[in-house]
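Only one structure is covered here, and it is reproduced in the block below.
Numbering (the working numbering), first residue to last: 11 to 279.
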């Protein structure tokens, strides 16, 4: 992938100063996802593993909403007519999008405005950081269409963000979580006014992009890998990971900048 020339068919792509911005762009229907957009998003996040120029990612929605989730007519309807093998192909494909988001080394900042529901809420959950507006409403509403809350990793990831009891409530009821609840529960990192949301998300991503991006990738990897290991194993994993970071040029640059009383300029190597 060349982020300078990359063109997406099913979302908008912008790249500047190390930050890629992915914008879901079907505002007339609150940016629902389709079979094609799921797949293209999955492939894009997979490709980001090899796109060293991209240091951080922002994911947002156009027209005052983040995403209403899977398109009722273009996804939900066809799913009711599929046989089990096709259904499993679909659910594995959507899960692969979350895997790709968690596996790409770049921190992902979600800019959440308006409706953030279903698969849209999953995209927010799979991001590393989430900014929202006071009016943002988030719902894992799978139960409302007769499905289980265990969709695209929700039962694994959401409790780790907001706690088991709160995640259970949202996944059983499908109700909307208010922006204030989201911030208080730790789902939203902070709330900002709508007119500042995208600028704040890009500023946060730019701040991360100026940091030691190789080390950020190590941090993201360890945050994921240490979920299911003992403390003893986690400490050893972090010892090895940190030793790798100590061998980077960025570590040396940081020391030299500190000694010279100037701000380090990281290059990600």
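The C-beta atom is built at its ideal place from N, Cα and C for all residues, glycine as well.
Quick caveat: nothing in here was measured; it's all calculated off a predicted structure.
Contact with chain B by residue i, beta-carbon distance below 8 Å
{"i": "residue 183", "result": "Absent from the structure is chain B; it holds one protein chain and no more."}
Alpha-carbon spacing of residue i relative to residue j, whole angstroms
{"i": "residue 135", "j": "residue 152", "result": "15 Å"}
{"i": "residue 181", "j": "residue 150", "result": "6 Å"}
{"i": "residue 49", "j": "residue 104", "result": "8 Å"}
{"i": "residue 24", "j": "residue 102", "result": "28 Å"}
{"i": "residue 265", "j": "residue 258", "result": "12 Å"}
{"i": "residue 263", "j": "residue 275", "result": "7 Å"}
{"i": "residue 238", "j": "residue 112", "result": "15 Å"}
{"i": "residue 196", "j": "residue 168", "result": "11 Å"}
{"i": "residue 18", "j": "residue 85", "result": "20 Å"}
{"i": "residue 178", "j": "residue 233", "result": "22 Å"}
{"i": "residue 223", "j": "residue 28", "result": "10 Å"}
{"i": "residue 171", "j": "residue 128", "result": "17 Å"}
{"i": "residue 202", "j": "residue 154", "result": "29 Å"}
{"i": "residue 145", "j": "residue 189", "result": "6 Å"}
{"i": "residue 213", "j": "residue 64", "result": "15 Å"}
Beta-carbon proximity check, residue i vs residue j, cutoff 8 Å
{"i": "residue 66", "j": "residue 35", "result": "no"}
{"i": "residue 61", "j": "residue 33", "result": "no"}
{"i": "residue 42", "j": "residue 123", "result": "no"}
{"i": "residue 119", "j": "residue 139", "result": "yes"}
{"i": "residue 199", "j": "residue 241", "result": "no"}
{"i": "residue 130", "j": "residue 79", "result": "yes"}
{"i": "residue 52", "j": "residue 107", "result": "yes"}
{"i": "residue 236", "j": "residue 225", "result": "no"}
{"i": "residue 110", "j": "residue 39", "result": "no"}
Local Cβ density within 10 Å of residue i, reported as buried at 16 or more and exposed below that
{"i": "residue 117", "result": "buried"}
{"i": "residue 22", "result": "exposed"}
{"i": "residue 31", "result": "buried"}
{"i": "residue 26", "result": "exposed"}
{"i": "residue 12", "result": "exposed"}
{"i": "residue 279", "result": "exposed"}
{"i": "residue 81", "result": "buried"}
{"i": "residue 162", "result": "buried"}
Distance between beta carbons of residue j and residue i, contact taken as under 8 Å
{"i": "residue 218", "j": "residue 121", "result": "14 Å between Cβ atoms; not a contact."}
{"i": "residue 59", "j": "residue 114", "result": "6 Å"}
{"i": "residue 76", "j": "residue 126", "result": "4 Å"}
{"i": "residue 186", "j": "residue 148", "result": "7 Å"}
My parser needs the alpha helix (DSSP H) runs of 4 or more residues fully inside the stretch 174-248; what are they? Every alpha helix (DSSP H) of 4 residues or more that sits fully in the stretch 174-248 is shown, in chain order, as 174-183, 189-195, 207-219, 223-235.
Scan the stretch 97-167 and note each continuous beta strand (DSSP E) run of 3 residues or more that stays entirely inside, going in chain order. Taken in chain order, the complete beta strand (DSSP E) segments of 3 residues or longer contained in the stretch 97-167 are 118-122, 125-127, 139-142, 147-149.
Curious, which full-length alpha helix (DSSP H) runs of at least 4 residues does the stretch 17-71 contain? 45-57
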